[in-house]
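The sequence shown begins at -18 in my numbering and counts up one residue at a time. Just so you know, even glycine gets a beta-carbon here, dropped at the ideal spot from N, CA and C. Structure first, then comments.
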Amino acid sequence: MGGSGYNKYNIPLSSRFNYRPDHCMYTSVCKPAEKEGVAVIHGSRGFFHSEKQPIFQAVYRSFEEFQLGGDIYREFYQSLEGYIEVAAQNNHCGDVKDIFLKNIRKYMDLDFDNT
-18 MGGSGYNKYN IPLSSRFNYR PDHCMYTSVC KPAEKEGVAV IHGSRGFFHS
32 EKQPIFQAVY RSFEEFQLGG DIYREFYQSL EGYIEVAAQN NHCGDVKDIF
82 LKNIRKYMDL DFDNT
């Protein structure tokens, strides 16, 4: 047997821990994210900076504009929610827009109809 022995440390993660535009661009294919929300968003192929999937750009914009130490609810969450609402129009990733907010709501202890 060969190998380095590091395979015992390799833990498979669901798609919600590497959520990419191709998980929602035609139809939603990441059921764990639908259930629990996106944990890590991956702006592969420049999607944070392109108009191809506006939700990815909206998430990036919210993080970029937020100043650490600021009011996370007003200055981050509400901006993110607004940007996502606008970005969700007329694209398939917009069909599952709440998955981008679900984890944030949970960690900020915001209860919006148990989403």
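Legend entry - At least three beta-carbon pairs within less than 8 angstroms, the stretch 31 to 47 to the stretch 69 to 81: yes
Inset, instruction - For my contact list, HIS23 and TYR0 are in at a C-beta cut-off of 8 angstroms; report their separation, rounded to the angstrom. - result: 6 angstroms
Legend entry - Per-residue DSSP class, three states only, for TYR7: coil
Inset, instruction - Scan the stretch 34 to 74 and note each continuous alpha helix (DSSP H) run of 4 residues or more that stays entirely inside, going in chain order. - result: 35 to 46 and 59 to 68
Legend entry - Nearest neighbour of ILE80, chosen from ASP52, GLY27 and PHE(-2) [CA to CA]: PHE(-2)
Legend entry - ALA19 versus ILE85, ASP90 and MET89, residue with shortest Cα-Cα distance: Per the sequence presented here, residue 19 reads as Val, with Ala not at that position. Closest by alpha carbon: ILE85.
Legend entry - Straight-line gap, TYR88 to THR8 (C-alpha atoms, nearest Å): 27 angstroms
Legend entry - Reduced DSSP secondary structure (H/G/I, E/B, other) of ILE22: strand
Legend entry - Residues sharing a beta bridge with TYR(-13), DSSP: Answer is none; TYR(-13) lacks a bridge partner.
Legend entry - Same chain, Cβ closer than 8 angstroms to ILE53, neighbours up to 5 away in sequence not counted: PHE47 and MET89
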